[in-house]
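K.L.:
Every letter in the sequence shown is one number past the one before it in the UniProt record's numbering, and letter 99, counting from 1, is 99. Beta carbons: idealized from backbone N, C-alpha and C, even for Gly. Small disclaimer: the values here were computed from a predicted structure and weren't measured. Before anything else, here's the structure in question.
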Amino acid sequence: MAHMLVTGWYPPSKGQELIKVFMSKDKPAYPDFVKKIHHWTVVSSDGNYKTYAVYEFPDDKIKETLVAIGKRYTLYTTVEGYRYFPELLMDAQEMIKLFV
């Protein structure tokens, strides 16, 4: 299984607006093969809120997952000041194979 980390940032003044978008029933659904593993939120050193969401999906569905995540997170960017960045994660053994 593959994993993707999506990091998002937003100003505290936009928290209520972002919660409305997050709780909306109109947001695009993830495909059945995408499973959200965990979602954390912290206050970052610059005073903004920062979120970390980890998703799990089949190795052969990387492109489809990236498209699905992009559709969902693009909705969040309608909130002024929100931005996000998706990253495909590798475990240490996968990384070692790239260098050996």
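Please confirm if Glu94 has its CB atom under 8 angstroms from at least one CB of chain C.
P.N.:
Given the protein chain composition of this structure (a single chain), no chain C is represented.
K.L.:
Express the C-alpha separation of Met23 and Glu17 in angstroms, rounding to a whole number.
P.N.:
Residue mapping note: residue 17 aligns to position 17 of the sequence shown, counting from 1. Residue mapping note: residue 23 aligns to position 23 of the sequence shown, counting from 1. Rounded to whole angstroms, Glu17 to Met23 spans 10 angstroms at the Cα level.
K.L.:
With DSSP collapsed to three states, give me the class of Lys20.
P.N.:
Taking the first residue of the sequence shown as position 1, residue 20 is located at position 20. Lys20: helix per DSSP, three-state reduction.
K.L.:
For residue 124 versus Phe57, is the C-beta spacing smaller than 8 angstroms?
P.N.:
Coverage of the chain is limited to positions 1 through 100, which leaves residue 124 absent and any answer about it impossible.
K.L.:
Pick helix, strand or coil for Val6, following the three-state DSSP scheme.
P.N.:
Along the sequence shown, one-based indexing puts residue 6 at 6. Strand, per DSSP.
K.L.:
Is DSSP giving Phe33 helix, strand or coil here?
P.N.:
Reading the sequence shown from its first residue, position 33 is the one you call residue 33. Phe33: coil per DSSP, three-state reduction.
K.L.:
For Ala68, count neighbouring Cβ atoms within 10 angstroms of its own Cβ and tell me buried if that reaches 16, exposed if not.
P.N.:
Counting from one through the sequence shown, the residue named residue 68 turns up at place 68. Label assigned to Ala68: buried.
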